[in-house]
Ligand code: ADP
Ligand code: MG
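Numbering (the working numbering), first residue to last: 513 to 821.
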């Protein structure tokens, strides 16, 4: 065990080949990224960056879904590359759970959503009886403001995007993880529900002691809920520190550009810089801190994505 870290990401790089058979080159989707999360104090840690900055690649390495080209990841002191046996991998998966961007893709449209929770309860908790599994599912749903009775026998399309993302979070909570890795978890969720979901992350941090890696291109929600942030550009971290101080006074020109611009989801769900936004400056110039919820919502309302939902 290394002293007191939940997660240590150390000089992490992921390279991919780019180009054809001839003149094949390699480029770094993630380059030399380091950060750590403390074990003793749960945090909401935001990874911010526009589309293509390497956020998902970083998340997939942390989730042990892809292997780094260089560098290391330690969870509670243990190297991820050393997780070889099935039982070690299962133990890791119990502790580190993913939440994906689009809940409608995360659930099979032909399967009832309660099944996912009951199966997780069986696989992760070894809950043998139906009653045990139902109790675990209901308990996890209660933590996200739902109940088993509400979603029983429902298909994904019978729930709203916000409800379904809550079910996905409940499913992730079944195994009582200590880290959630949420990759743009609210970019497909209706603006009016976004704050309630990101607020839920804070509640989970405070009530359950879960640390959360919150990946986003939405500065407003990151500002509002995160303890610390890193800002990524083209695979590299350009700035890091406490969320408020970094976003109040960004030092790197790219962070300043981000702050002055509106990073919003386009209809395909990718973060694109949509240019200078007077709304952002208005919010910043105004009274942030007094009404963060409304401010964040106002920012989000400018997203072109909202129009079609
Ligand atoms: P983000 O999540 O910030 O949008 P990604 O991590 O998805 O960024 O992608 C970062 C860069 O790496 C992009 O240029 C993307 O095209 C590239 N990339 C991601 N996955 C692969 C892959 N499996 N093979 C080749 N290139 C990839
Ligand atoms: Mg991504």
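Don't be surprised by glycine CBs; every beta carbon is placed ideally from N, CA and C.
It should be emphasised that the depicted structure is a prediction, and the values quoted were computed from it without experimental measurement.
What residue range does the beta strand (DSSP E) around residue i cover?
| i | result |
| --- | --- |
| residue 748 | 748 to 754 |
| residue 724 | 723 to 728 |
| residue 583 | 582 to 587 |
| residue 594 | Counting along the chain, residue 594 falls outside any beta strand (DSSP E), and DSSP gives it neither H nor E. |
| residue 520 | 517 to 530 |
| residue 556 | 556 to 560 |
| residue 745 | 740 to 745 |
Spatial neighbours of residue i within its chain, please: CB distance less than 8 angstroms, with the 5 preceding and 5 following residues excluded, ordered by chain position.
| i | result |
| --- | --- |
| residue 796 | Low per-residue confidence applies at residue 796: pLDDT is 40, beneath 50, and the placement is therefore not dependable enough to give any value. |
| residue 806 | The predicted model places residue 806 with a pLDDT of 31, which falls under 50 and marks its position as unreliable; any figure quoted below should be read in that light. For residue 806, where only same-chain residues beyond five positions count, there are no Cβ hits under 8 angstroms. |
| residue 516 | 550, 551 and 552 |
| residue 717 | 554, 555, 556, 723 and 724 |
| residue 712 | 656, 657, 678 and 681 |
Is residue i near the ligand ZN, judged by its Cβ being under 8 angstroms from some heavy atom?
| i | result |
| --- | --- |
| residue 763 | In the structure shown, the ligand ZN is absent; the only ligands present are the ligand ADP and the ligand MG. |
Which residues bound the alpha helix (DSSP H) around residue i?
| i | result |
| --- | --- |
| residue 690 | Element bounds for residue 690: n/a, residue is neither H nor E. |
| residue 490 | Outside the shown range of the chain (513 to 821) lies residue 490, about which nothing can therefore be said. |
| residue 637 | 625 to 637 |
| residue 603 | 598 to 607 |
| residue 768 | 765 to 772 |
| residue 549 | Per DSSP, residue 549 belongs to no alpha helix (DSSP H); it is in the beta strand (DSSP E), 537 to 550. |
| residue 711 | 703 to 715 |
| residue 731 | 731 to 737 |
| residue 654 | 642 to 655 |
| residue 616 | 615 to 618 |
| residue 670 | Residue 670 -> no alpha helix (DSSP H), and no H or E assigned at all. |
| residue 660 | 660 to 663 |
Considering only the beta carbon of each residue, do residue i and residue j sit closer than 9 angstroms?
| i | j | result |
| --- | --- | --- |
| residue 648 | residue 661 | no |
| residue 741 | residue 585 | no |
| residue 682 | residue 629 | yes |
| residue 608 | residue 697 | no |
| residue 659 | residue 691 | no |
| residue 571 | residue 725 | yes |
| residue 605 | residue 687 | yes |
| residue 496 | residue 736 | No answer is possible for residue 496: it lies beyond the span of the chain, which begins at 513 and ends at 821. |
| residue 543 | residue 576 | no |
| residue 611 | residue 693 | yes |
| residue 510 | residue 743 | Shown here, the chain extends from 513 to 821; a query on residue 510 therefore has no answer. |
Since residue i and residue j should fall inside the 8 angstroms C-beta cutoff, what is the C-beta to C-beta distance between them, to a whole number of angstroms?
| i | j | result |
| --- | --- | --- |
| residue 546 | residue 518 | That belief does not hold up - the Cβ atoms of residue 546 and residue 518 are roughly 15 angstroms apart, past 8 angstroms. |
| residue 673 | residue 626 | About 18 angstroms; that fails the 8 angstroms criterion. |
| residue 556 | residue 739 | 5 angstroms |
| residue 624 | residue 657 | The pair is not a contact, with the Cβ atoms about 20 angstroms apart (cut-off 8 angstroms). |
| residue 558 | residue 755 | 6 angstroms |
Sorted by chain position, which residues of the same chain lie with C-beta nearer than 6 angstroms to residue i's C-beta, five sequence neighbours on each side aside?
| i | result |
| --- | --- |
| residue 721 | 554 |
| residue 582 | 525 |
| residue 664 | 626 |
| residue 644 | none |
| residue 767 | 743 and 751 |
| residue 764 | 750 and 751 |
| residue 782 | With a pLDDT of 43 at residue 782, under the threshold of 50, the modelled position of this residue cannot be trusted; read the value that follows with caution. Closer than 6 angstroms at Cβ, skipping near neighbours: 563. |
Output needed for residue i: all residues of its chain with C-beta closer than 7 angstroms, excluding positions within five of it in sequence on either side, in chain order.
| i | result |
| --- | --- |
| residue 528 | 538, 539 and 541 |
| residue 650 | 659 and 660 |
| residue 685 | 652 and 655 |
| residue 762 | 751, 768 and 771 |
Using 8 angstroms as the threshold, is the segment 725 to 733 in touch with the segment 577 to 590, meaning 3 or more CB pairs across them? No, because fewer than three Cβ pairs between the segment 725 to 733 and the segment 577 to 590 fall closer than 8 angstroms, the two stretches do not touch.
Sufficient close CB pairs (3 or more, under 8 angstroms) joining the segment 613 to 632 to the segment 669 to 687: Touching, yes, given that three or more Cβ pairs across the two stretches are closer than 8 angstroms.
Given 8 angstroms as the limit, is there contact between the segment 563 to 575 and the segment 741 to 753, that is, 3 or more CB pairs closer than that? Judged by pairs of C-beta atoms under 8 angstroms, the segment 563 to 575 touches the segment 741 to 753, as three or more such pairs exist.
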